[in-house]
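Each remark here refers to the structure printed beneath this line.
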Amino acid sequence: MKDSKLIAVTSLVLLAVLAVTPARGHDTGPEFIESFDTMLDIEEGGGLSIRHVIDVHPHGDEIRRGLFFEPPEDVGPLSDFAASLDGEPITPEFDDGAVIVASAEPLPTHRTHRFTLRYRAGSPWWLESSGTARLRWDPIVAQFELAWRDASLRIAWPENAARPELPQVGTVDGNTWTRTFRGPLHGDAADAPAGPVELRVAASTLQPQALRQWGSDWPWRALLVAGVLVLLGFLHGAWRAVGRDPDPGMISLRQTPPDGLSPASTRFVDRMGFDETAFVAALVSLRVKQVIALSIDEDEETLRLERRRTSSSSLSPGERALLDSLFDGHDAVELGAGDERASHAAEALKKKLGEEHRGRHFIVNAFHRNWGIALGLMLTAVSIVALIVQARDALTPDPWAVGLGITGLLAGVVAPLIYFELFKAPTRAGTTAKGQIAGLKRYFEEANTPVTDAAHFVKLLPYAVALDCEPAWRDRFEGDDESGVDRETADVVAWYREFQRRHESAGAIIPIIAGATAASSATASAGGGASAGGV
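In our numbering, the protein residues as written are 583 to 1117.
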């Protein structure tokens, strides 16, 4: 009787010890991956649905919130990622080609957690020269340095599909092939490192979109390269055909203004376009002709103009348009930042200069300009689409397509803008005028003899402003003796010397005009509208 009781008590104690010992081992053992099971389901047509079921045993050391690993690249672009932790949805994250499945908070330790990750490969098959298609899968569990116990890979294909050519190692059950792996936690019984698994099918049994081949990742590359080459080839070829300025030939010094050109016209023809300096050259010309008085206030932010004469037969059409728009019934005006009067006057001068000289002295080649812009817009659109497509592939974007997409985007925007100006070309009359302008500019900059004739200096002063040669022209003037100078010339010389003393050069007007026209234009526009591990 006593022996029976002793045996019963001993059995209970042993059972208690056996029950407690595993629990302690579970609480204090190493953290590890309990199992890493992968299921590959081949869809009708060849697409691949992928599911990983991962059981982990964290201790808060390497596995704190979850895991990260790199999905195989051989199965092509991946999409439709979804994940869960212990049955609750979580959002997978991506970092430099790796996918992260992790909780927002640290995982409770000393217990098993299950992560599930699903995604899809739309083009997992490589087309081979023999007419077969190959699917290659590298077991992900081999990436981990963490200890792991078991892993499996299961591949299933549609029941009505022909059986693929399968690896020799593994078991087949109906339309499913399975292979299991024993990890380092099995000690000496662990399997050798798992290598890639391949299977093959007849390519004719798959949909075209499920197949890839050498060069199948290149359509975007080829399209973008072709787009950039076509755009740049057209722009450069068209510029060589219609936009290049002819050889000016021998440039001789010229001491008189270009034939039939006012200072503003000289600037307009030389640059084949309008800017604030043309506006300022016209103002200086009006001052030299005694039509206006011109001064800058002490803070150098406002330009004050007073009308002296109601008309002058010596005014060019552009100067007359500028004068009428500036004063418009007033005897004096002040131009400062945001003054619409300056903007309207600039538009009036620009319009009149265009009517006088565009087509006569130069052409803009609008046909080639418009085609360049259209091709640039098309390349920009293709580049944006290519970048969007690559951005949607979070794990395996094509770096060549991304780089070419950025190149195409920049080329589509920048190149047409550059050639927009280069397409301007002088006519025969324009070539003659530009030769005279170059001769005058050379006279301003290269002649070493002092200028003592005040009338000559005053006459060419607006042209020096127009051609950015005012400092050189000013420094050559030595007209100290003004006894023989007429009253109007003496008045202009006195005004210019005082202006130079206060502001150094007439170029001080340019920032004021630029601020006035830019600010008012802006106001008008605004009014309109790692390999793998724990984490």
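Idealized CB from N, CA, C, for every residue including glycine.
With a threshold of 16 other beta carbon atoms within 10 Å, methionine 854 meets it and is buried. Exposed is the label assigned to valine 812, since fewer than 16 other Cβ atoms lie within 10 Å of its Cβ. When secondary structure is reduced to three states using DSSP, aspartate 906 falls in the helix class. Note on geometry: alpha-carbon atoms of lysine 933 and serine 847 lie some 12 Å from one another. Per the coordinates, the alpha-carbon of leucine 917 lies some 22 Å from the alpha-carbon of proline 899. Counting every other CB atom within 10 Å of its CB across the protein chains shown gives valine 873 a total of 16 or more, marking it as buried.
When the beta-carbon positions are compared, isoleucine 722 and phenylalanine 618 come within less than 9 Å of each other.
In the three-state scheme derived from DSSP, where H, G and I count as helix and E and B as strand, phenylalanine 861 is classed as helix. Nearest neighbour of glutamate 1027 by Cα position, chosen from Arg902, Asp1057 and Leu767, turns out to be Asp1057. No Cβ-Cβ contact shorter than 9 Å links leucine 961 with glycine 985. In this structure, DSSP gives isoleucine 988 a helical state, which the three-state scheme calls helix. Contact between aspartate 732 and arginine 696 is absent: CB atoms are separated by about 14 Å, not below the 8 Å threshold. In terms of Cα proximity to alanine 927, the closest of Val754, Asp857, Ala776 and Phe816 is Asp857. Each of Pro778, Arg849, Ile624 and Trp821 was checked against the Cα of asparagine 757, and the nearest Cα belongs to Ile624. The beta carbon of glutamate 626 is closer than 7 Å to those of Pro740 in its chain, skipping five residues each way along the sequence. Boundaries of the alpha helix (DSSP H) harbouring serine 925: 922-939, taken from the DSSP string. Inter-residue distance for tryptophan 708 and alanine 729 is about 33 Å (C-alpha atoms, whole angstroms). In the DSSP assignment, the residues bridged to glutamate 670 are Leu667. With 16 or more other Cβ atoms inside 10 Å of its own Cβ, phenylalanine 1005 counts as buried. DSSP places serine 898 outside both helix and strand once states are collapsed to three, so it counts as coil. Following the DSSP letters along the chain, one finds alanine 733 in no alpha helix (DSSP H) but inside the beta strand (DSSP E) bounded by residues 730-738. Between arginine 700 and alanine 664, the CB-CB gap stays under 9 Å. The criterion of a C-beta distance shorter than 9 Å is satisfied by tryptophan 719 and proline 778. Leucine 788 places its beta carbon less than 9 Å from that of glycine 628. Here DSSP, grouped into helix, strand and coil, assigns methionine 960 to helix. Distance from the CA of alanine 956 to the CA of alanine 1015, rounded to the nearest whole angstrom, comes to 33 Å. When secondary structure is reduced to three states using DSSP, glycine 1017 falls in the helix class. The alpha-carbon separation between proline 659 and alanine 744 amounts to approximately 25 Å. With 16 or more other Cβ atoms from the protein chains shown falling within 10 Å of its own Cβ, tryptophan 1055 counts as buried. Burial state of asparagine 742 is exposed, judged by a 10 Å Cβ sphere holding fewer than 16 other Cβ atoms.
Per DSSP, reduced to three states, the secondary structure at threonine 848 is helical. Isoleucine 1091 is not a Cβ neighbour of leucine 904, given a cutoff of 9 Å. Per the Cβ contact rule, the stretch 858-868 is in contact with the stretch 1033-1048 (3 or more Cβ pairs under 8 Å).
Membership of tryptophan 719 in the beta strand (DSSP E) is indicated by the continuous run 714-719. When beta bridges are read from the DSSP output, glutamate 747 appears opposite Arg782.
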